[in-house]
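To start, the structure under review is shown below, and the notes come after it.
Residue numbers (the numbering used here): 17 to 92.
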């Protein structure tokens, strides 16, 4: 590896896929905690996808929006 090569460029695709899968799982579980229903959670996640965000950032963007929703909900 060259010393001036960005770290992101040398990360294997498998580890990037693992990160995306983890973010996606966290997003669905966060949506599930908000909605109380797995089917509603997947619909909520789908509705939060922003076509203007690059594909590799979609899961993180959805998770961020879900965290914002969760933090603004009334506490029990």
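Here a beta-carbon is modelled for each residue, glycine too, at the ideal position from N, C-alpha and C. None of the values given here were measured: they were computed from a predicted structure.
If you ignore the 5 residues before and after residue 81, its C-beta comes within less than 6 Å of the C-beta of 64, all in its own chain and listed in chain order.
Counting along the chain, residue 83 sits inside the alpha helix (DSSP H) bounded by residues 74-88. In this chain, the alpha helix (DSSP H) harbouring residue 59 covers 54-63.
The three-state secondary structure of residue 44, taken from DSSP, is helix.
With contacts defined as CB atoms closer than 7 Å, residue 69 and residue 43 fail to qualify as a contacting pair.
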